[in-house]
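Encoded as structure tokens, the structure appears first; notes follow it.
Residue numbers (full-length UniProt numbering): 1 to 145.
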């Protein structure tokens with residue numbers, strides 16, 4: 001009875017953190033995995049491994065970071081804004097390695113998907129990678145499947 005008179009309000013969502021290089025990378029990895037509308041455990045595990053290795057995190061810290069990145073990816077700016085953060089804060093060699101890492105996420109589920117590959121191409125271009133490096137990353141990734 002009291003529920004009808006005094007309905008519970010949904011709690012206010014916590015504000016999302018300002019994107020930094022860690023969050024931008026994680027959000028772009030999640031964006032690649034979500035591109036095919038099928039976010040699989042293999043992709044989640046690969047994202048966690050990349051975050052753990054990139055930022056020297058233990059598995060729980062990496063999973064928490066990924067969860068924050070998932071929320072950020074849903075509600076935050078588009079790919080160009082995330083890529084701009086990475087272009088400003090990460091040198092070219094490391095951005096090139098990020099492209100390789102993103103390919104590993106796109107292929108983690110064992111399926112090639114046009115939507116994931118298109119999303120990945122847009123991200124690589126936004127990161128400022130050269131066409132030669134983009135093609136090399138793609139060829140290396142496809143050889144591994």
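The C-beta atom is built at its ideal place from N, Cα and C for all residues, glycine as well.
Residue closest to residue i, alpha-carbon to alpha-carbon, out of the options
i: residue 92; options: 30, 130, 24 and 135; result: 130
i: residue 132; options: 107, 99, 71 and 38; result: 99
i: residue 79; options: 137, 24, 136 and 138; result: 24
i: residue 48; options: 123, 69 and 137; result: 69
i: residue 37; options: 117, 81 and 97; result: 117
Neighbourhood of residue i by C-beta distance below 6 angstroms, restricted to the same chain and skipping five residues each side
i: residue 73; result: 27, 30 and 31
Whole-angstrom distance between residue j and residue i, CA atom to CA atom
i: residue 56; j: residue 115; result: 30 angstroms
i: residue 89; j: residue 110; result: 32 angstroms
i: residue 75; j: residue 113; result: 24 angstroms
i: residue 102; j: residue 58; result: 20 angstroms
i: residue 106; j: residue 18; result: 26 angstroms
i: residue 83; j: residue 52; result: 20 angstroms
i: residue 46; j: residue 81; result: 23 angstroms
Contacts around residue i, its chain only, beta-carbon distance under 7 angstroms, and the 5 residues preceding and following it disregarded
i: residue 119; result: 31, 32 and 35
i: residue 22; result: 55 and 65
First through last residue of the alpha helix (DSSP H) which encompasses residue i
i: residue 112; result: Note, residue 112: premise wrong, no alpha helix (DSSP H); not H, not E.
i: residue 68; result: 59-75
i: residue 79; result: 79-89
i: residue 20; result: No alpha helix (DSSP H) contains residue 20, which DSSP labels as neither H nor E.
i: residue 39; result: Where residue 39 is concerned, there is no enclosing alpha helix (DSSP H), given that its DSSP letter is neither H nor E.
i: residue 99; result: 92-106
i: residue 142; result: 131-143
Beta-carbon proximity list for residue i, same chain, < 8 angstroms, skipping 5 on both sides
i: residue 146; result: Residue 146 lies beyond the residue range present for the chain, which begins at 1 and ends at 145; the question has no answer from this structure.
i: residue 95; result: 86, 87, 127, 128 and 129
i: residue 125; result: 134
i: residue 20; result: 85 and 89
i: residue 42; result: 108, 109 and 110
Q) Would the stretch 60-70 and the stretch 133-145 be scored as touching if the rule is three or more Cβ pairs under 8 angstroms? A) no
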